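Okay, so here's the structure we're looking at.
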Amino acid sequence: MRREQIFARDDYQCVYCGERYEPETLTVDHVQPRMRGGDRSGGNLVTACGACNARKGGMRLAEFLQTDASAREHFFRLAAAHVWPRILRTVRDDLARVERTGPGR
Numbered sequence: 001m002r003r004e005q006i007f008a009r010d011d012y013q014c015v016y017c018g019e020r021y022e023p024e025t026l027t028v029d030h031v032q033p034r035m036r037g038g039d040r041s042g043g044n045l046v047t048a049c050g051a052c053n054a055r056k057g058g059m060r061l062a063e064f065l066q067t068d069a070s071a072r073e074h075f076f077r078l079a080a081a082h083v084w085p086r087i088l089r090t091v092r093d094d095l096a097r098v099e100r101t102g103p104g105r
């Protein structure tokens with residue numbers, strides 16, 4: 001899926017903060033990072049503004065969502081329809097683990 005298609009699918013809205021942006025200011029984020037087995041399919045890609053993508057940085061998505069309740073709400077409201085179910089399960093499982101044990105464990 002091309003960047004422009006991802007932005008259009010997500011209505012030019014960052015799935016983490018919920019704000020709409022002009023396409024040139026948006027980035028594509030891998031829900032499951034490629035270094036952790038994620039791919040470049042549309043089911044693993046979401047629209048993120050530069051600020052949210054930078055705040056997330058190298059954190060696992062569950063750790064990022066755990067630290068930002070607003071981002072967590074927006075992600076599950078805006079991205080759940082587009083992200084592969086297996087990836088959503090992994091994110092939910094990771095969130096449960098982070099809540100039990102704390103970040104980075």
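All residue numbers for the sequence shown refer to the working numbering, where the first residue is 1 and numbers rise by one.
We treat Cβ as the ideally placed atom computed from N, Cα and C, and that holds for glycine.
Model, not experiment: these values are computed from the prediction.
Next item on the list: Counting only the same chain and skipping the five closest in sequence on each side, list residues whose C-beta sits under 7 Å from that of residue 74.
Entry: 15, 16, 17 and 18
Item checked: Same chain, Cβ closer than 6 Å to residue 72, neighbours up to 5 away in sequence not counted -> 65
Note to self: Could you pull the DSSP bridge partners for residue 28 from this structure?
What the structure shows: 47
Notebook entry, point to check: On the three-state DSSP scale, how would you describe residue 2?
Noted result: coil
Note to self: Between 32, 45, 51 and 84, which has its C-alpha nearest residue 63's C-alpha?
What the structure shows: 32
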